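Student: This is the structure I want to talk about, given as structure tokens.
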Amino acid sequence: MQPKRTVERLGPMSLSAPSIRVSGAMKRTTARNGVVNPPSGLLTWISGYGRVRPGERGTAVIAGHVVNGKRADVFYRLQEIDRGDKVTVYDSKGKPVVYTVTATRVATKKQVSLDPVVWGGNTSVRRIALITCDDDEGFRADGHRVANFVAIAEAR
């Protein structure tokens, strides 16, 4: 008689950033043609392009919108995050990895797409790049915002 096989059900990964009142599940998504455009209302982590799952050694990209229409979206307060603030990522089993924000900046979309801290090789530290649109720099002719806000955090 064979022993009964059990399948462990794993919950979603989640993120908590108390200083900006963000807490919620994260969904995996991909960057289409190298463009990060997460679904509205969701915290997402980007797979592909050499990025890792949040919590792993390497750089994970976590994205969310600042607004959805005229309503605040998941990263509405991301621009309020400061160096030294804590961000916790919970894996699918609920195990936490605590990150400390080390840098924040506003950058054009092209600058973000070429940023070696966000997209370059990294095998030595656990890092997350939190990305949203910058709501202060205005809009391009195509209706998209001119710039992004990026917060970099590392686990020690």
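Quick note, my numbering runs 1 ahead of the 1-based positions in the sequence shown. Positions of the beta carbon are idealized from the N, C-alpha and C atoms, including for glycine. Computed from a prediction, not measured in an experiment: that's the story for all the values here.
In the DSSP output, which residue or residues are listed as bridge partners for F140?
Tutor: R146
Student: In this structure, does DSSP put I82 in helix, strand or coil?
Tutor: Secondary structure of I82 (DSSP, three-state): coil.
Student: For a test of the three-state rule: what should DSSP assign to S114, helix, strand or coil?
Tutor: helix
Student: Smallest Cα separation from V37: which of V151, R157, E155, A156?
Tutor: V151
Student: Kindly indicate which three-state DSSP category V75 falls into: helix, strand or coil?
Tutor: coil
Student: Sort V113, K87, W46, V53 by Cα distance to I148 and report the nearest one.
Tutor: The amino acid at residue 148 is misidentified as Ile; the sequence shows Ala. That would be V113, whose Cα lies nearest to the Cα of A148.
Student: Between the stretch 94 to 103 and the stretch 60 to 69, do three or more beta carbon pairs fall short of 8 Å?
Tutor: no
Student: Excluding the 5 residues preceding and the 5 following R78 in the sequence, name in chain order all residues of the same chain whose CB lies nearer than 8 Å to its CB.
Tutor: I21, R22, V23
Student: I want to know whether the stretch 139 to 146 touches the stretch 112 to 126 - three or more CB-CB distances under 8 Å.
Tutor: no
Student: For the beta strand (DSSP E) that contains S17, what are its first and last residues?
Tutor: Counting along the chain, the beta strand (DSSP E) containing S17 begins and ends at 14 to 18.
Student: Taking Cβ positions, are G49 and T31 nearer each other than 7 Å?
Tutor: yes
Student: Hey, D136 and V107: beta-carbon distance below 7 Å or not?
Tutor: no
Student: So who's on the other strand from P97, going by DSSP bridges?
Tutor: Y91
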